[in-house]
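Structure first, commentary second.
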Amino acid sequence: MIDLTELMTPWSYHEEAYRESLRQRRREETGIVYDVVFVPPHSSKLLNTDARVLIAATSTGYLHVYILETREFWEERPSKIDHLDPVLSLYAHHSRVYTVCFVSDRENPLVISGSDHEICVWKWHDIVALAQTSQRARDTGTLVPTTWYVPRTTTERGGVLPYYEINAMEWSTHVPNALWVAGGDTNAYEWDIAVEKPVRTYQGHQAYLHDISYTHYTQQVITASEDGTIGIWDRRSEKALRYLSPKLENGFVRTIAIDTSSRWLACGGGSGDSGFWSLWHLPTFLPVHQELVDHHVHSTSFLTNTLLSVGNDDCIRRWNVPSCSLMSATISTNRVCHQFCVVDPSTRMIATGGDSNSIDIHLIPGVISFSLCANSFRAKRRVN
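For the sequence shown, full-length UniProt numbering assigns the number 1 to the initial residue and increments by one for each residue that follows.
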């Protein structure tokens, strides 16, 4: 995009380009952050040796890259914290970016993003090099990703779905060449990263998929669907082993989370104006607890012996897993409908956000330590 200062000079003024810049600024101000991912420590060090790195996926088509200082930095200098700007804003898709995933191969780490139309694969080394390029060269730098397309689905009447809408992706260190993808055609796919094509398809849901996960102990793929069920799939045979159904009439399952032992599954969703979260014992597929709440649950994450949940209100809730009781509920300063709650396993840093162009960072569960600004016009580097 053209810089506004150039647009306003008499010899280079172009009215339509100026209008488009104003529209883009408005889109940035009212943008949504759909997903974030913490970059693992060994890959974060490529960009900054003393900090963690976070990547955010947004409704404006941008991937924002942030450098987060250590916990000690924020505890010593809280008065200087306001909103941190991205070190790099990369225009990744022409439509919304619903999900982002990091493949932490030590030799060739990848950033993978999903939108309405396609999956884009970016080399982390290239992103780091672009972020470290001088500010003066920002308009000449560019990245060309590898693009994957999900197989087009034909309806019963012979029509072809216009969009797939990639809602979630999952990668595991235990199967480093596999990427699991869930989206809008009711199917989940296992993608072979090396050959760049889907090699397995998991079919059986009656509505589109919201979330996907993988448990390496039993080699099972787990999906959450709008049809109100959780699909448990044998990864190798592609067959459905079980459909778990929280007892909620006309409900949907929006989120799933598996603890580090792979024994416990938490899920959340809603029905009408209310919602729920439930806890399941994975080895036996038995429900242990179901909690009805007055809001939809959009995202859940395990943190030690607690479960974090966010939904279509402005609270982040912390639940005690053994007793299934509410420990705390904290209101976000942004007053947003939350889309995600992600925990960094190495630092226990928590990122939450949603229908706002900012991301809240919690160093202590329930306490917002600082926020990140998801606006490409405020980025140190902006690449289109």
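Don't be surprised by glycine CBs; every beta carbon is placed ideally from N, CA and C.
Those residues which DSSP pairs with residue i across a bridge
i	result
residue 459	Given a span of 1 to 384 for the chain in the structure shown, any question on residue 459 remains unanswerable.
M349	In the DSSP output, where bridge partners are listed per residue, M349 has none listed.
N320	T306, S325
F370	I361
I230	A224, L244
V39	V53
P287	W280
R382	S89
T186	Answer is none; T186 lacks a bridge partner.
Pairwise C-alpha distance: residue j and residue i
i	j	result
I359	V100	15 angstroms
Q203	P145	29 angstroms
V288	R19	56 angstroms
E238	S113	24 angstroms
S59	T133	26 angstroms
W148	S323	44 angstroms
D234	W191	15 angstroms
L54	L326	29 angstroms
W122	L110	6 angstroms
S328	W319	7 angstroms
A240	T347	36 angstroms
A257	H14	50 angstroms
S278	L63	32 angstroms
W124	N108	7 angstroms
V181	V199	12 angstroms
P283	A129	45 angstroms
M1	F377	Low confidence applies here, because M1 scores a pLDDT of 44, under 50, leaving its location unreliable; read the following figure in that light. Approximately 10 angstroms, taken between the alpha carbons.
E165	S213	17 angstroms
W225	A266	It is worth fixing the name first, because residue 225 is Ser in this sequence and not Trp. Going by the C-alpha atoms only, they are around 14 angstroms apart.
Q220	S21	47 angstroms
Y91	L46	21 angstroms
L68	E249	43 angstroms
V65	T49	15 angstroms
Residue burial classification, residue i (beta-carbon count within 10 angstroms, cutoff 16)
i	result
N375	buried
T140	Note that T140 has pLDDT 48, beneath the 50 cutoff, so the model's placement of it is unreliable and no number is given.
A131	buried
H210	buried
D185	buried
G232	The sequence shown places Ile at residue 232, not Gly. Buried, because 16 or more other Cβ atoms sit within 10 Å of the Cβ of I232.
R52	buried
T201	exposed
P246	buried
P40	buried
G270	buried
G272	exposed
V195	exposed
N305	exposed
H281	exposed
A56	buried
residue 389	Because residue 389 is not part of the residues shown, which for the chain are 1 to 384, the question remains open.
Sequence-distant residues of its chain with Cβ nearer than 6 angstroms to residue i (five each side left out)
i	result
H295	G275, G311, N312, D313
H93	G61, S115
A178	E190
V293	G275
Contact check, residue i vs residue j, beta carbons under 8 angstroms
i	j	result
V336	S309	no
S89	A379	yes
H205	Y163	no
F340	D35	yes
I316	S332	yes
V103	I193	yes
residue 387	H362	Residue coverage of the chain in this structure runs from 1 to 384, which leaves residue 387 outside it and unanswerable.
D259	F38	no
G251	G268	no
G366	V33	no
Y243	N167	no
Same chain, Cβ closer than 8 angstroms to residue i, neighbours up to 5 away in sequence not counted
i	result
H216	S172, H174, V175, S262
R138	Residue placement at R138 is poorly supported in this model, since its pLDDT is 48, which falls under 50; the coordinates are not used for a value here.
K197	W148, W191
residue 445	Outside the shown range of the chain (1 to 384) lies residue 445, about which nothing can therefore be said.
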